[in-house]
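Enquirer: The following block contains the structure, expressed as structure tokens.
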Amino acid sequence: MGADVALSLHSPAPLLSLKRNVIAEPAVAGWYAWSYLLPPFTLAKYLKGHYRNIVESYLEKPDAHRTALKQARFQGGPFVHECAGSYDRIRSWYETVREQYAPLMELADAIEELEQKILPTLDGATMEPVYRQLPEPLAGRVELFYNRDNRTPDYRFIEPLLYASPYFDPGLQQVRFSTIERDAREFALTTPVLEYTPEQVLVTVPLDSPLLDRVFAGGLDPRELDQFAADLGIEGERATTFKGFFEETPEPAAPSQDDTIEYVGHACVFVRHRGTTFLVDPVISYSGYSHESDGRFTFDDLPERIDNVLITHNHQDHMLLETLLRIRHRVGRVVIAKSAGSSLVDPDLKRILRALGFDDVVELDDLDTLRTPGGTITALPFLGEHGDIRIRTKCGWLLDLDGTRVLFAADSTNISPQLYAQVTAAVGQVDTVFIGMESVGAPVSWLYGPLFPERLERRIDAGRRLKGSNFEQASAIVDTLRASSVYVYAMGQEPWLGAVMCVEYDDKHPAMIDSNKLVAYVRERGGTSKRLFLHESMAVRG
């Protein structure tokens, strides 16, 4: 017995990791973080032209928000989702942050002055004197130029100088920890991210902080966890709550080395080939609650190392910060389409990712190729889905896996019928195509409206949509690429997507009709096809 007592006195404390159902929601300036809230110039425009309107409308007429959200068609609209005590909590918070917002409001005013007062006066004459007229927040931080007609003036941001300015404030960045017991989550993009209940812990921490990597990697001894709580500024009862989010680290499962393609949900696909791993458009389900029987792929199923994260385009449901920050400690490199705009609608995605703590970011231009063990990654042109605005940061990813060729086309459409014929002539046949068919989509202003200098006419807005392929477009892509396997994905149907998407389909919805037709079309011609949902495993055929 004495030996047993001595042994127990010297046994190490168990190592601790986040419970599987703990979520960590990033926030910037009090709002659920997505990529356009990192660059100071886009953050400024969304704060002034979108988020301020939402919160002031709610504080003035909360009943209007409550009534609207009782109707399914208003989900995803500019309305605050409430819980007990929300009104007083939001009012108190908003009174406090107005001073923090002031510099960003000045930047937004300066952008509006440039776009609405200065540029419209230019007629093709030299711009030299115009630089001396720039409002102070933009002076030395933008370049002015004429488009090729020599009449239409435009500008670009010198982004590094804006990130180095007082307008980029990591002190506005936060993470809220809490637990979930079910998939369903309210739409997060229109409700301030605050501590609404004692079961939530909101910490102010730069989103690129290595502290977050240690928290998400887990394996902390109790003293380390105490120190991390202190380093994050969490004290008293909040520290007790925070430490309650952790449990004894489970034994890791034996890692598989089999070649595989795993549909993870929405537009997220995991690929392993020759031991090299790829994760496309990471949006991943949590676990630890009552869904295990559906066999989904969760954070628990990820390998310790993700060699390549591939981002098709810069929308919330394809570049989800909540997932990216959670897996950052596992990621080797991030591969993205070449960023070229430095504009309000197309900020530099590479710089955004670096501001999020990703150091190894590789840009590929159209038809550029990156070699990997046993294959290549090639960027293919991506047209459509962006409402006809000038977005360069988008591409489809073609993986060559020892001759098996798989295309992740995301929401690419065939609006230019000759495009995929040109692509096929350049890169050859593709074996498997993953394609999005959300064929209706939201009006372009739903996402980009706060960045426009003036409101679009409703007629024009309704015609310019953020949509994927319809049947005619998708079938033409498939035929041109001569694909034998076709998978419809990126449909927003997975139950854990509610935080960033509000899509509900019935059998009569055009997206369901179009995707059903495509699946039948491919199968009738002897191919393999399916509309994907939850999780699907596919072997890599060599």
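As numbered in the numbering used here, residues -9 to 532 make up the sequence shown, in order.
Virtual Cβ for every residue (Gly too), placed ideally from N, Cα, C.
Remember, predicted model here, so these are calculated numbers, not experimental data.
The alpha helix (DSSP H) spanning N43 covers which residue range?
Expert: Its alpha helix (DSSP H) spans residues 42 to 50.
Enquirer: Candidates A510, R81, Y410, H303: which alpha carbon is nearest C385's?
Expert: For the residues A510, R81, Y410, H303, the minimum Cα distance to C385 belongs to H303.
Enquirer: In or out: L(-3) buried (at least 16 other Cβ within 10 Å) or exposed?
Expert: Residue placement at L(-3) cannot be trusted, given a pLDDT of 44 that sits under 50; what the coordinates show is reported in the next sentence. With fewer than 16 Cβ atoms within 10 Å of its Cβ, L(-3) is classed as exposed.
Enquirer: Secondary structure at Y279, three-state DSSP: helix, strand or coil?
Expert: If DSSP states are grouped into helix, strand and coil, Y279 belongs with coil.
Enquirer: Report the CB separation of I44 from T180 in whole angstroms; it is logged as a contact under 8 angstroms.
Expert: Right, their Cβ atoms sit about 6 angstroms apart.
Enquirer: Give the single residue among Y136, C492, G439, D99 whose Cα lies nearest to the Cα of E126.
Expert: Checking every option, the nearest Cα to that of E126 belongs to D99.
Enquirer: Mind checking which residues open and close the beta strand (DSSP E) that includes N298?
Expert: That run of the beta strand (DSSP E) goes 296 to 300.
Enquirer: Please report how far the alpha carbon of M(-9) lies from the alpha carbon of T239, in whole angstroms.
Expert: With a pLDDT of 47 at M(-9), under the threshold of 50, the modelled position of that residue is not reliable, and the figure given next carries that caveat. Straight-line Cα distance between these residues: approximately 29 angstroms.
Enquirer: Name the DSSP bridge partner or partners of G223?
Expert: DSSP output for G223 lists no bridge partner at all.
Enquirer: Assess contact between the region 342 to 362 and the region 245 to 256, defined as three or more Cβ pairs (one per stretch) separated by less than 8 angstroms. Is contact present?
Expert: Contact fails: fewer than three Cβ-Cβ distances are below 8 angstroms.
Enquirer: For A58 and P68, I'd like the C-alpha separation in whole angstroms.
Expert: Rounded to the nearest angstrom, the two C-alpha atoms are 10 angstroms apart.
Enquirer: When the Cα of G285 is compared with those of K38, L524, K9, which residue comes out closest?
Expert: The residue with the shortest Cα to Cα distance from G285 is L524.
Enquirer: Mapping DSSP to helix, strand and coil, what is D144?
Expert: It is a strand residue.
Enquirer: For V(-5), which residues from the same chain have a beta carbon less than 6 angstroms from its beta carbon, with the 5 sequence-adjacent residues on both sides left out?
Expert: Because the pLDDT at V(-5) is just 49, under 50, the model does not fix this residue reliably, and the value given afterwards should be weighed accordingly. Within the same chain, V(-5) has no close Cβ partners at all.
Enquirer: If you draw a straight line from the alpha carbon of L134 to that of A464, how long is it in whole angstroms?
Expert: About 40 angstroms.
Enquirer: Can you list, in chain order, the residues of its chain whose CB lies under 6 angstroms from that of Y145, leaving out five sequence neighbours each side?
Expert: V132, L134.
Enquirer: In angstroms, rounded to a whole number, what distance separates the CA positions of H256 and E105?
Expert: Near 37 angstroms, if we compare the C-alpha coordinates of E105 and H256.
Enquirer: Determine the closest residue to F236 out of R521, V205, Q217, G265, with distance taken between C-alpha atoms.
Expert: For the residues R521, V205, Q217, G265, the minimum Cα distance to F236 belongs to V205.
Enquirer: Helix, strand or coil: which one does DSSP assign to D(-6)?
Expert: Unreliable positioning characterises D(-6) in this predicted model, as indicated by a pLDDT of 49, which lies under 50. The coordinate reading is nonetheless provided below. Helix at D(-6).
Enquirer: Whose C-alpha, out of A473, L33, V120, G114, is nearest the C-alpha of R138?
Expert: Per the Cα distances, G114.
Enquirer: Between V434 and R449, what straight-line distance do the alpha-carbon atoms span, to the nearest angstrom?
Expert: In a straight line, the C-alpha of V434 is about 12 angstroms away from that of R449.
Enquirer: Which of the three DSSP states is assigned to V417 in this structure?
Expert: Correct three-state label for V417: helix.
Enquirer: What is the residue span of the alpha helix (DSSP H) that L33 lies within?
Expert: 30 to 36 is the extent of the alpha helix (DSSP H) around L33.
Enquirer: Relative to the alpha-carbon of K328, which residue among M309, E294, P371 has its alpha-carbon at the smallest distance?
Expert: Here the closest residue by C-alpha is P371.
Enquirer: Sort T32, T288, D78 by Cα distance to I50 and report the nearest one.
Expert: It is worth fixing the name first, because residue 50 is Glu in this sequence and not Ile. Considering only alpha carbons, the answer is D78.
Enquirer: Please work out which residues of its chain come closer than 7 angstroms, Cβ to Cβ, to P443, disregarding the five sequence neighbours upstream and downstream, and give them in chain order.
Expert: Taken in chain order, the residues that qualify are E105, Q106.
Enquirer: Anyone know if the C-beta pair for A62 and E494 falls short of 8 angstroms?
Expert: Yes; because the gap between Cβ atoms is below 8 angstroms, this pair is in contact.
Enquirer: Applying the criterion that 16 or more other CB atoms from any shown protein chain within 10 Å of the CB defines a buried residue, is K457 buried or exposed?
Expert: Buried is the call here.
Enquirer: So what does L210 bridge to, in DSSP terms?
Expert: According to DSSP, which records beta bridges pairwise, L210 is partnered with L6.
Enquirer: Please classify L370: does DSSP put it in a helix, a strand, or coil?
Expert: Three-state result, L370: strand.
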